[in-house]
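Inspection log for the structure reproduced underneath, given as structure tokens.
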Amino acid sequence: MEAHEEKPIIYTMENKPIVTCAGDQSLFTSLYTSLAQQLPREPMEWRRSYGRAPKMIHLEANFVQFKEELLPKDGNRALLTFPFLHIYWTDCCDTEMYKASVKDDMLRWQSTLRLHGSVDWLIVVVESEAKKKNKTNILPRTSIVDKIRNDFCNKQSDRCVVLSDPLKESSRSQDSWSSFLTKLRTLLLMSFTKNLGRFEDDMRTLREKRTEPGWSFCDYFMVQEELAFVFEMLQQFEDALVQYDELDALFTQYVLNFGAGDGANWLGSFCAPVKHWSGLLLRRPIDMEKRELIQRGEASLLDLRCYLFSRQCTLLIFLQRPWEVTQRALELLHNCVQELRLLEVYVVQGALDCWVFLSCLEVLHRIEGCCDRAQLEANCSHTVGLWTYATEKLKSLGYLCGLVAEKVPTSEDLNRTVDLLAGLGEERPETVNSLQSPYKKLNEALSSVEAFEKHYLELSHAAMEMYRAIGRMRSARLIGKSLAEFYMKKGDPERAEGFLDDSLRSYVAEGWSLQVTHTRKQMAECQKLLQQTEDYLQTSALLAGDANLTEEERKHFCQEILTFASQPPAPSDQTVALSMAAFAQLRQMQFSPPGAVVHVGAALQLELRVRCLMPVAVQVEQLAATLHFSLEQGGARGRAGSAQRRTGHGPQGQGDGVVLFPLGSPGAGMGALLPPALELYEMQDRSPSDSSLNSTGVVCKNMHLLLRRHDSSASLDTPTAGALPAAVAVDDGAQMLRARDITLQPGDNSILFTAPTGEPGSYTLRQLCGSVGRVQFVQSHIYPVVQYEVYSQEPQLTIEPLSDNLLAGIPQKVKFIIATGHYSVKKGDALQLSNTDSMPILHSSCCSATVLSSTGERMGESALSIQSSEKVTSISLPPTPPYHTLEFQLEVLCHIPPTPLKPDIERLTNGEVRHRPKSHSQADSGMINIDQKVSIDCPWSIYSTLIALTFYVPFKAKHSILSAGKRKYIQVCLQNVSDTNFQLADPVLTERQPTVSMELLSLNVKTQQPVCSQQSVFCLWEMRWAKPLPLCLQCAFSASFAPASASDAHTAFKPYCYEFQLDRVSTLYSLKAEILPPSGVQHCRTGALCGLEVSITRQAEPSETEGEEEESTEIEGLRTTKLMYEVVDNSSNWAVCGKSSGVVSMPVAASATHRVQMEVMPLFAGHLPFPNIKVFKYLPHNAVPAIQPDTDSCLENDTISLLDKGLDDQGDTASIRSRGSVHSVGSGEQQRGLPMPRLEPFTPGQVFYRSQGRQVLVLPVTDDHVMEVNVT
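Per my numbering, the sequence shown starts with residue 92, numbered consecutively.
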């Protein structure tokens, strides 16, 4: 039977499972088309062993005529030629025919199958209605089928299938076809699974024998490839790829073991010298030539690798993973090179380069064939590695064959080229018609110098563009550097310079020191050929200080600079400016004196320590540092302090005036690697009046360096960054630090400068320049900022207390500090201090003055001459040089004023209270301050200097009046509010307007007693009088005090006086209260109403002055005054029942008494204090109201907010919010228009409370089980 025509296949052998057909061949031929089309339509679930996941597959079959030669022989493992199923076709309907011929043919067929061990068979009986009509004597259809099943399918009745009228379009025919196809797919899949499992077991057994002698990898390769072919035949490309990956890993492991000394015998065939290097062949699905070499065991390492990768590539293309092909190809090419070295395979020089070049292009062409241009551009990151590798190998071939040198290739180069091209063999038929085949490209590139340059540049630029497109700029610059080497070999340094410059910038920015060194050497060679003198000298300077070079190389580049510097300049030549970073590094700078703040004309030295990077000693004609001078406004001392902070305590400063230049800063020579650091300084805005801080901020001093464009900015540190600046002209008249004729040794060197201090201002080091012949090494910017201050100070006089607080009333020492500034104190100069009565200056004959230098060093001491008159105190000053400090101490005494002072608190216009800085804490402690101003005439000024001193009163006094009936007592409390302990002596209280009728009797026992810090002393006097007391008494309290630590207490005692005034001290009324239990009961009980009787008694008739102040009315000849009483209990011990307040009319007569009775209820048991009873003056409004309110009804509200306050807290009693209503308690609204009465409290001492402090016994209720006792 001829094979049916199908679509073109990709294999040379059949790619479908084989199914043999025996019996009636013409019958099968008529059904073949329908069978071949319908069999793969329905998928089948393929369940595999070893727990592998099931898969849905479409089964196809290659139906061939049954022949005994197709049956497998013993030991044959080929699955592709194995018949998986055998089918016998018959349409016999006649019993006689069946017995005569068909049965015997079936017996022979089954015997043959049984002989070869084939148990997968199927008998198909085709039923036709046409034959039934032609045969009248035929038996029923079931008779033939039953006979066949009885004869051949006794135990396997399902192996006989009936196909009814397969060529008709009827439902019966369709059902028959469906049943038949299902059976066919099931049997075919069962056979396939069974035989495939047996094959896998055999393959594993063979693999486990790999350690035995005689095992061959090539034989095992063919076996496992059969399994891969089967998976590919079933379109299971992933499983097929796994088989090839396992073979790849197995072979790789053997090669690695061989390199480690554990070699297998069969590897000897792969160690044969490489004779052909034609590259990969990916245009064929199967390279039969290499497969046959592997099958015969004659394949080389490259043959095996090429065939294995070609199969992997084909499967990856089927899986639509072309970009994985490029990744695997790059790994393959690199691994093959290493495997050849491990196996020590002899390869002709350049053969591997040819093989890699051809393989790279073959993979790229294969990928281009299955992807469109848009996909290639979008995924160039996967292919750029192959382009780069091909470029490198072509470059290597060019160097090998003499195609890169300036001269033409030699005969030896030509012979080598011919040998390499001969190893390529003939071009393969698949690429003969291709104009851009890898074979033609390599032949053309090696044919001439021009062709090589064309192809090499084409590949290099293509790879560079791809790298730039995907953002891998470092790789693009690496190819550019390779191009630069190519141009240098070709003698074209101009085209090489741009690529080298680009690479150098990248390496410097990223900090690759070795790459920077190597590229700079190439750059120096390029610049020397181009005669770029300045750039060459700059690069030579960088290389001379490069530690990555050998000593000889460094000396060579250093000598290049010194040779140029020693040449006499031509008239048109200019000085060459080079970067200081390549010549030397600044390490530190130290000021002497360390503060870096000096006055005009003072000596200031700067010690600069540099590290010379040159390998030999260099004679520097001049090392100069330019200074930027700025005249700052403000106090010289403020500028000095800021300069000291910047210089001695800056970002890199030490406390001893040392400025360190860290590695990586522009001052240290690494400005090309790191951007300049921030130079931040504090800015403060203070008020010109009192120097208070208004605002603060931060200022960046080097903003011009941080915000510049790096692309367009030229730098001396990178020689090719742009045009170098012109030679630095050194002006002899400019402010500079200079050191001449210096020899810088390799390593650390110390250079001493003397700084100019002729003008006051700020000096900042901006630039450092070292001159060596015609060459100047320039440091354009120095960081951290190196700055010193020169100040010219006006003479200043300050007075400072020697203690935290100056106390008034006792002698205190103060220090006079005179900063001479630019003024020289001469003999005869004196300070004239104006004397004041409130603060005399105390002086002694042994007062001396100390002279200090500007650095605080003690220079000498001399006696002071002090002369005092009534108005002026003159202090003669000793001679003192300029910019020195004169200090001496004096004693001052601030008298305490007798009248009480209040704390000095200033209030701003917005209402905010502002305290003086030094009195803020004292205001919190209650100390009262006294400001004393001293006017001083200084010899250096025509104006007087006004200096304020703040003294604090150490005591705080207060008085009170105490009453006991008609007897009166005056108590004075003296509190020590300072931190010093005092001794108090002789307290005396006197009346400033003494009268014979009144006497003050002291009740104080001690005449002297201590008063500790924050403690109080109380003094008491009794008042005795014979005549009525006046309304106002003027009193004065006086005592002597001295510090407790004073050595001579008698001479150290100073007076203290406190004056005060007492108003209305006479007792006008006495108040007495009684609490009476209910009738018939001896004691009060809780919850029971008790009677409260309040008696108000007038003690004496008012005097004329008091009578004028009291509001009295006269009715029927009786003059009365109104009082308001109120009963409140703040402790909640009593409940007042009924009215708690009221207004009474008291006759203006001595011993007049008014009694008020009310009811109260005790709430607790125990000794309860009496409720509080208060009495006020009731002053009606002058206007007569329209409706006269009832006196009691106005005051019935028990919750009077105004009267609930203490008497001391009542600031205004002119109105009563709730009690002033004309309505009773029930009325909730106040009638508008009514005048309000006015309450006025009595002054202390006018009302004597007789019941104050009394208690009454309250018993609990007898039925209570819980007794509450209130003990006070």
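We put the beta carbon where it would ideally sit given N, CA and C, even for glycine.
Here the structure is a predicted model, which is why all the values come from computation and not from measurement.
Excluding its 5 nearest sequence neighbours in each direction, Pro-529 has C-beta neighbours in its own chain below 6 Å: Leu-449, Leu-452 and Glu-453, listed in chain order. Annotation: the continuous alpha helix (DSSP H) that includes Leu-279 extends over 262-299. Taking C-beta atoms under 8 Å as the contact rule, Ile-1033 and Glu-978 fail to qualify, at a distance of about 25 Å.
Looking from the CA of Thr-1334, the closest CA among Thr-1212, Gly-1233 and Leu-1153 belongs to Leu-1153. As for any alpha helix (DSSP H) of minimum length 4 sitting wholly inside the stretch 307-392, the runs are 308-324, 328-350 and 379-387, ordered along the chain. Boundaries of the alpha helix (DSSP H) harbouring Asn-426: 413-433, taken from the DSSP string. CA-CA distance, His-913 to Glu-773, rounds to 29 Å.
DSSP places Glu-961 outside both helix and strand once states are collapsed to three, so it counts as coil. DSSP links Phe-154 through a beta bridge to Val-110. Residue ranges of uninterrupted beta strand (DSSP E) with 3 or more members, entirely inside the stretch 641-687 and ordered along the chain, are 667-670 and 675-683.
A distance of 8 Å or more separates the beta carbons of Phe-590 and Lys-486. About 7 Å separates the beta carbons of Gln-858 and Ala-716, which is inside the 8 Å limit, making them a contact pair. Annotation for Gly-951: the continuous beta strand (DSSP E) segment containing it runs 949-954. Non-local C-beta neighbours of Phe-271 in its own chain, meaning closer than 6 Å and more than five positions away in sequence, comprise Val-252 and Leu-254, ordered along the chain. For Phe-543, there is no enclosing beta strand (DSSP E); the residue is part of the alpha helix (DSSP H) that begins and ends at 540-560. Counting only the Cα atoms, Glu-422 lies some 26 Å from Phe-543.
Gln-775 is bridged by DSSP to Thr-787. The residues Pro-584, in chain order, have a CB closer than 7 Å to that of Leu-620 in the same chain once the five nearest residues on each side in sequence are set aside. Comparing C-alpha distances from Leu-537 to each of Phe-400, Cys-445 and Gln-466 shows the shortest one belongs to Cys-445. The beta carbons of Glu-323 and Ala-331 sit closer together than 8 Å. The alpha-carbon separation between Pro-1271 and Glu-1150 amounts to approximately 36 Å. In the pairwise beta carbon analysis, the stretch 1259-1266 is classified as touching the stretch 1341-1348: at least three pairs are separated by under 8 Å.
Contact between Tyr-1340 and Leu-1162 holds: their C-beta atoms lie close to 5 Å from each other, under 8 Å. Taken in chain order, the whole alpha helix (DSSP H) runs of length 4 or more contained in the stretch 604-645 are 604-620 and 624-635. Contact fails between the stretch 194-213 and the stretch 128-137, because fewer than three Cβ pairs, one in each stretch, are under 8 Å apart.
Within a 10 Å sphere around the beta-carbon of Leu-393 sit 16 or more other beta-carbons, which makes this residue buried. In terms of Cα proximity to Pro-989, the closest of Ile-1021, Glu-961, His-975 and Pro-969 is Ile-1021. Under the DSSP assignment, Lys-164 falls outside any alpha helix (DSSP H); it carries neither an H nor an E label. Taking His-934 as the centre and dropping the five residues before and after it, the same chain places the C-beta of Ile-957, Ser-959, Thr-964, Leu-981 and Glu-982 closer than 8 Å to its C-beta, in chain order. Annotation: the continuous beta strand (DSSP E) that includes Ile-214 extends over 212-218. The C-alpha of Ser-853 lies about 48 Å from the C-alpha of Glu-961.
DSSP places Met-564 in no beta strand (DSSP E) but in the uninterrupted alpha helix (DSSP H) bounded by 564-580. The Cβ neighbour count for Met-281, taken over all protein chains shown within 10 Å, is under 16; the residue is labelled exposed. DSSP places Tyr-141 in the coil class of the three-state scheme, outside both helix and strand. Around the beta-carbon of Asp-664, fewer than 16 other beta-carbon atoms lie within 10 Å, marking it exposed.
Taking Ala-632 as reference, the option from Val-869, Ser-597 and Met-564 with the minimal CA-CA separation is Val-869.
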